[in-house]
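Colleague: Okay, here's the structure, questions in a sec.
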Amino acid sequence: MRRSVEPEQHLSAPVLAAYSYCETVTGQQARNFAYGIRLLPAPKRRAMSALYAFSRRVDDIGDGTLDAAEKTKRLEETRDLLTRVRRRDVAEDDTDPVAVALAHTATAFPLPLGGLDELIDGVLMDVHGETYETWEDLKVYCRCVAGSIGRLSLGIFGTEEAARHSERAAEYADTLGLALQLTNILRDVREDAGNGRTYLPADDLAKFGCATGFHGEEPPPGSDFAGLVHFEVRRARALFTEGYRLLPLLDRRSGACVAAMAGIYRRLLDRIEREPESVLRGRVSLPGREKALVAVRGLSGLDARGGLRPNLRRRA
-12 MRRSVEPEQH
-2 LSAPVLAAYS
8 YCETVTGQQA
18 RNFAYGIRLL
28 PAPKRRAMSA
38 LYAFSRRVDD
48 IGDGTLDAAE
58 KTKRLEETRD
68 LLTRVRRRDV
78 AEDDTDPVAV
88 ALAHTATAFP
98 LPLGGLDELI
108 DGVLMDVHGE
118 TYETWEDLKV
128 YCRCVAGSIG
138 RLSLGIFGTE
148 EAARHSERAA
158 EYADTLGLAL
168 QLTNILRDVR
178 EDAGNGRTYL
188 PADDLAKFGC
198 ATGFHGEEPP
208 PGSDFAGLVH
218 FEVRRARALF
228 TEGYRLLPLL
238 DRRSGACVAA
248 MAGIYRRLLD
258 RIEREPESVL
268 RGRVSLPGRE
278 KALVAVRGLS
288 GLDARGGLRP
298 NLRRRA
């Protein structure tokens, strides 16, 4: 059962300040997700910002310049914060605004906080230099760092319709997270290689002659790099198709938020498909005006019941 959400005028000044901080972090750093989050009503928008700010902290530890031992220590300290949130042991005047905002969100919405433990587990895989032999192996990582966020978001988005189909809704949210993460992996192939990370499955790399990795703006000699990218794009598209089955289970504005966030990544995927080697020359991105257009289409592309209109089904 959904918990009641406090009206904004009933929130204390420290809680409002904590949420304001998280919304600032989201606006400045969530270059794609922020466009969807803006479509939500204030309580859900604040909650999603708290979730993003915590996730951003975890990611920043994993991507930082500290050695592996110190990263592990800090990630476990962050896990300790989750324990405090579960125990409702975070005071409103705590000096950590992310802790205050997340603690309030966890009382206002039925957040499956174990998903944030999964996120930490996934970032620890990065810290420990995990590699992935098969897609099944990579899916474990993607579910930790992205599928978990989809399931957590569902706790904020959730409606009575989603509650009636909770198991399927969670599966669709998880699958959509996998689609977004695989798109991220394709987009960041060169950047990740420069940081000593390889996410694409080793058997896929070997199949297309890319086992030597990516070390510059040109594909490995003799490889079928375009074939590799198109293979992964098809996989991502299948995940998007399955994940989009979540949308009719959400209310209009929550569905619009998801459609906007996923739509931005679908357009990134289109660009990568058209010009596979572009990911070796730099990060593929969309201009702000195109992201805004996708967000508007997400809001207008849903009917009153949350179902997809044909134009949104063709291109989110």
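The sequence shown: position 275 = 262 (the numbering used here), numbered continuously. Note that the Cβ used here is the ideal one computed from N, Cα and C, for glycine as well.
Thinking C-alpha only, which one of ALA180, TYR159, ARG239 is nearest GLY230?
Modeller: Taking only the C-alpha atoms, the option nearest GLY230 is TYR159.
Colleague: Rounding to the nearest angstrom, what Cα-Cα distance links LEU53 and THR59 in this structure?
Modeller: The alpha-carbon atoms of LEU53 and THR59 are separated by roughly 10 Å.
Colleague: How far does the alpha helix (DSSP H) with TYR119 in it reach, from first residue to last?
Modeller: Careful: TYR119 lies outside any alpha helix (DSSP H) and carries neither H nor E.
Colleague: Does the ligand NAP have even one heavy atom less than 6 Å from the beta-carbon of ALA78?
Modeller: In the structure shown, the ligand NAP is absent, as is every other ligand, since no ligand is present at all.
Colleague: Quick check on DSSP: helix, strand or coil for ARG74?
Modeller: If DSSP states are grouped into helix, strand and coil, ARG74 belongs with coil.
Colleague: How many angstroms separate the CA atom of THR185 from the CA atom of GLY200?
Modeller: For THR185 and GLY200, the distance between alpha carbons rounds to 8 Å.
Colleague: Measure the CB-CB distance between ALA37 and THR92 and report whether it falls below 7 Å.
Modeller: A contact, by the Cβ cut-off of 7 Å.
Colleague: Skipping 5 residues on each side, what residues in its chain have a beta carbon closer than 7 Å to that of LEU255?
Modeller: THR170, ARG174, VAL271, LEU273.
Colleague: Taking 7 Å as the threshold (C-beta atoms), are LEU139 and VAL45 in contact?
Modeller: Taking 7 Å as the Cβ cut-off, VAL45 and LEU139 do not qualify as a contacting pair.
Colleague: In whole angstroms, what is the alpha-carbon distance linking LEU89 and THR121?
Modeller: Taking the straight line joining both Cα atoms gives about 35 Å.
Colleague: Fully enclosed by the region 76 to 117, which alpha helix (DSSP H) runs are 4 residues long or longer?
Modeller: Counting only runs of 4 or more, we get 84 to 95, 101 to 114.
Colleague: How many Å lie between GLY250 and GLY285 at the Cα?
Modeller: About 8 Å.
Colleague: In whole angstroms, give me the CA-to-CA distance for VAL216 and ASP80.
Modeller: Answer to the nearest angstrom: the Cα atoms are 49 Å apart.
Colleague: With DSSP run on the structure shown, which of helix, strand or coil describes GLU277?
Modeller: Note: GLU277 maps to helix in three-state DSSP.
Colleague: ALA246 and ALA166: beta carbons closer than 7 Å?
Modeller: Not closer than 7 Å, so no.
Colleague: If we ignore side chains and look at the alpha-carbon of each, how far apart do ALA(-1) and TYR8 end up?
Modeller: Sequence inspection shows Ser at residue -1; the Ala mentioned does not correspond to that position. Cα to Cα, SER(-1) sits roughly 14 Å from TYR8.
Colleague: According to DSSP, is VAL271 part of a helix, a strand, or is it coil?
Modeller: Three-state result, VAL271: coil.
Colleague: Less than 7 Å between the beta carbons of VAL266 and VAL132, yes or no?
Modeller: No, Cβ-Cβ distance for VAL266 and VAL132 is not below 7 Å.
Colleague: Ordered along the chain, which non-local residues of its own chain (more than five positions away) have a Cβ less than 6 Å from that of ASN298?
Modeller: Its pLDDT being 32, under 50, ASN298 is placed unreliably by the model, and the measurement read from it follows with that caveat. If we look at ASN298 and ignore the five residues flanking it on each side, it has no Cβ neighbours.
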